[in-house]
Amino acid sequence: MNLPEQYIENMKRLLGEKEFQQYLNCFEQKKYTGIRINTLKWNKEQFLNKKLFETEEVAWCNEGYYCSEKVRPAKHLYYAAGLYYIQEPSAMSAAAILPVNEGECVLDICAAPGGKSTQLGTKLKQTGVLVCNDISASRTKALLKNIECFGITNSIVMSETPQKLSKHFEQYFDKILIDAPCSGEGMFRKDSDMIKKWNSNLIAHCMQQQKEILQYCAIMLKAGGMMLYSTCTFSPEENEHIITEFLQYHKEFKIVPIEAKWGFQKGMIEGCVRLFPHKIKGEGHFLALLQKQEECANTIFETEKEQIDKRMSFFWEFEKQVLKPNWQKTKGIYKIYGDDLCYIPENVPMLKGLRVLRSGLQLGTFKKNRFEPSHAFALALNKNDVNNYIDFDIKQNDAIRYLKGESISIEQQKEGWCIICVDGYTLGWAKVQKGRLKNKYPVSWKWE
53 MNLPEQYIEN
63 MKRLLGEKEF
73 QQYLNCFEQK
83 KYTGIRINTL
93 KWNKEQFLNK
103 KLFETEEVAW
113 CNEGYYCSEK
123 VRPAKHLYYA
133 AGLYYIQEPS
143 AMSAAAILPV
153 NEGECVLDIC
163 AAPGGKSTQL
173 GTKLKQTGVL
183 VCNDISASRT
193 KALLKNIECF
203 GITNSIVMSE
213 TPQKLSKHFE
223 QYFDKILIDA
233 PCSGEGMFRK
243 DSDMIKKWNS
253 NLIAHCMQQQ
263 KEILQYCAIM
273 LKAGGMMLYS
283 TCTFSPEENE
293 HIITEFLQYH
303 KEFKIVPIEA
313 KWGFQKGMIE
323 GCVRLFPHKI
333 KGEGHFLALL
343 QKQEECANTI
353 FETEKEQIDK
363 RMSFFWEFEK
373 QVLKPNWQKT
383 KGIYKIYGDD
393 LCYIPENVPM
403 LKGLRVLRSG
413 LQLGTFKKNR
423 FEPSHAFALA
433 LNKNDVNNYI
443 DFDIKQNDAI
453 RYLKGESISI
463 EQQKEGWCII
473 CVDGYTLGWA
483 KVQKGRLKNK
493 YPVSWKWE
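Residues 53 to 500 in this note's numbering are what the sequence shown lists, from first letter to last.
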């Protein structure tokens, strides 16, 4: 592993000669992969009973487990059902440390590809509002897919600048997670391309972005609210120096100490922690938890209003034929965007003028004289929410055929829309017609 000379000098200065050698040795050791189970769809006991993978827990994340890459967790049917997310173990620490409560308004401002957003979504348990933002429009496609796969219904997915968000969401959020863009030194073991990109100019560029993001997040946080600043780099300039400078200009904020346990190391300023690959089973992270103390006048928001038109009759008919009466788990409002029908959380501020990819749960699309349900809608439902479902056994081949987009023969099934499940967990929609399943699994999601 050819590390840049300047980086080596920086790390020796940070760790000392002896500990730097320990850090260097970890490049020859195995890298850790993890999965984090989706507690919106099942619990730890159900996961452990399935005996899918190893059962060694990630100490700092209740739902996290180590997993060998050899078992190919992305090729398991339960992954397609959104039962878990594949995530580097130390990356689970940020959302785990941020104390999110049900009913809160939460922002993940650098959210793509969605690991931390899905983790925050499980903490909220379909209550409150989860705003998932990433400035990169191309990266938000993966973010949206992961949010939909997890069946999260209370999210707003967008691609905006922090500055523009701060004008719409002043003092709106109870909690904010900032997984800031950084020089990625904690990813060197996993991705050699990160080493090639590394230089002092990159650090300086990232520092400017980090300062701006913190500045605008401070505006969006309520008094008493907390924000968690994290990076996957070791550079003090991008970590402690950023926090120190922010606190100098924002006296209304204080550090909430994070306990240095599970192999976490104390940071260079009191209350922050560092995760190093030679100290934990993970690649590395920096965490600082900040709280806004100053009392501020509450901001009054104009909220989104329910919008329905004559096309809703097609949805009501679909609902009557396909869904059980109590399919809605949370309160929300119906909103039509073009031909798309969405069910969005209550009390969401007006989103006009923002680049919104998805507001709430996309229920489906109006097409001529009918309503076509979305794949996201299917993944937010379980078999007890619908009048008709087909549950394939994981040991049989039918579920894989479904994910490949094949048409499947079926016996003694009521005609019309149904949910396809594997072992009781939803995979998507199909339509029963004349003894066959008309496959409605999205083309872009199909298995090869």
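Glycine included, each C-beta is placed from N, C-alpha and C at the ideal position. Since we're looking at a predicted model, the values are computed, not measured.
7 Å Cβ shell around residue i - same chain, five flanking residues per side excluded
| i | result |
| --- | --- |
| Ile255 | Ser235, Ser287, Glu289, Glu290 |
| Met508 | Residue 508 falls outside the range modelled here, since the chain spans only 53 to 500, and no answer is possible. |
| Ala430 | Ile471, Thr478, Gly480, Trp481 |
| Leu172 | Ala147, Val152, Val158, Asp160, Leu182, Leu229 |
| Glu304 | Lys344, Gln345, Glu346 |
| Gly155 | Thr179, Gly180 |
| Leu416 | Residue 416 is actually Gly in this sequence, not Leu. Only Leu393, Phe423, Glu424, Pro425, Ser426, Phe429 meet the Cβ criterion. |
Bridge partners - residue i, DSSP secondary structure assignment
| i | result |
| --- | --- |
| Lys483 | Trp469, Lys490 |
| Asn95 | Beta-bridge pairing links Asn95 to no other residue. |
| Leu341 | Leu280, Val308 |
| Gly416 | Leu393, Pro425 |
| Cys234 | Partner(s): none; Cys234 has no beta bridge. |
| Lys313 | None, per the DSSP bridge assignment. |
| Gly86 | Tyr118, Gln139 |
| Tyr477 | Val474 |
| Cys184 | Asp160, Val209 |
| Pro401 | Thr355 |
| Arg326 | Gln317, Phe338 |
| Glu109 | Tyr117 |
| Lys227 | Val158, Met278 |
| Lys387 | Cys394 |
| Val438 | Leu375 |
| Val123 | Per DSSP, none; premise fails for Val123. |
Euclidean distance between Cα positions of residue i and residue j
| i | j | result |
| --- | --- | --- |
| Ile271 | Ser218 | 6 Å |
| Ser207 | Ser120 | 31 Å |
| Glu57 | Gln74 | 17 Å |
| Asp186 | Pro214 | 9 Å |
| Ser252 | Gln261 | 15 Å |
| Ala147 | Glu356 | 28 Å |
| Gly277 | Gln139 | 27 Å |
| Tyr59 | Pro141 | 24 Å |
| Asp392 | Gly412 | 12 Å |
| Leu403 | His330 | 45 Å |
| Phe366 | Pro397 | 22 Å |
| Val237 | Glu292 | Note that residue 237 is Glu in the sequence shown here, rather than Val. Whole-angstrom Cα-Cα distance: 15 Å. |
| Leu327 | Ala143 | 10 Å |
| Arg65 | Glu80 | 22 Å |
| Met210 | Glu69 | 45 Å |
| Ala232 | Asp160 | 10 Å |
| Gly319 | Ile294 | 13 Å |
| Ala432 | Glu61 | 50 Å |
| Phe423 | Lys456 | 24 Å |
| Ser169 | Ala163 | 6 Å |
| Lys227 | Asn399 | 16 Å |
| Gln448 | Glu264 | 53 Å |
| Pro125 | Lys102 | 14 Å |
| Gly315 | Thr192 | 33 Å |
Residues near residue i in its chain [Cβ-Cβ closer than 8 Å; skip 5 each side]
| i | result |
| --- | --- |
| Lys376 | Asn436, Asp437, Val438, Asn439 |
| Ser459 | Arg488, Leu489, Lys490, Asn491 |
| Tyr454 | Phe444, Ile460, Ile472, Leu479, Gly480, Ala482, Leu489, Asn491, Tyr493 |
Cut-off 6 Å between Cβ atoms - residues of its own chain near residue i, not counting five sequence neighbours on either side
| i | result |
| --- | --- |
| Gln465 | Val484 |
| Val123 | Phe105 |
| Trp469 | Val374, Lys483 |
| Met63 | Phe72 |
| Ala340 | Tyr281, Ile295, Cys324 |
Nearest residue (CA-CA) to residue i, options the options
| i | options | result |
| --- | --- | --- |
| Tyr268 | Asn251, Phe298, Glu140, Met239 | Phe298 |
| Gly203 | Asp450, Leu176, Gln98, Gly336 | Leu176 |
| Gln359 | Lys274, Tyr389, Trp314 | Tyr389 |
| Thr28 | Ile199, Cys162, Tyr59, Lys193 | This structure cannot speak to residue 28, because the chain is shown only from 53 to 500. |
| Leu135 | Lys383, Arg453, Gly476 | Gly476 |
| Ser190 | Leu327, Gly166, Gln171 | Gly166 |
| Val308 | Ile442, Met279, Glu156 | Met279 |
| Met364 | Glu322, Phe418, Pro233 | Phe418 |
| Lys420 | Lys197, Cys394, Ser244, Lys362 | Lys362 |
| Lys383 | Leu415, Met320, Gln178 | Gln178 |
| Glu354 | Tyr224, Leu273, Arg326 | Tyr224 |
| Tyr441 | Leu196, Ile462, Gln448, Lys303 | Ile462 |
| Lys306 | Leu100, Phe316, Gln317, Cys324 | Cys324 |
| Ala111 | Lys333, His128, Ile452, Lys193 | Lys333 |
| Lys248 | Leu55, Glu467, Val495 | Leu55 |
| Glu222 | Lys197, Leu273, Leu195, Ile385 | Leu273 |
| Cys201 | Asp450, Ile452, Gln414, Lys486 | Gln414 |
| Phe99 | Pro401, Tyr130, Leu76, Asp243 | Tyr130 |
Closer than 8 Å: residue i CB and nearest the ligand ATP heavy atom
| i | result |
| --- | --- |
| Cys470 | The model on display carries no ligand, and the ligand ATP is accordingly not part of it. |
Below-9 Å beta-carbon distance, residue i vs any chain B residue
| i | result |
| --- | --- |
| Ile310 | Annotation note: the requested chain B is absent from the structure, which comprises a single protein chain. |
Exercise. Should the stretch 404-411 be called in touch with the stretch 336-344, which here means at least 3 C-beta pairs below 8 Å?
Worked result: They do not touch, by the three-pair rule.
Exercise. Is the stretch 115-134 touching the stretch 80-97 in the sense that three or more CB pairs, one from each, lie closer than 8 Å?
Worked result: Segments in contact, yes.
For this session: Could you tell me whether the stretch 95-113 touches the stretch 293-311, where touching means 3 or more Cβ pairs closer than 8 Å?
Result: Using a C-beta cut-off of 8 Å, the stretch 95-113 makes no contact with the stretch 293-311, since fewer than three inter-stretch Cβ pairs fall below that distance.
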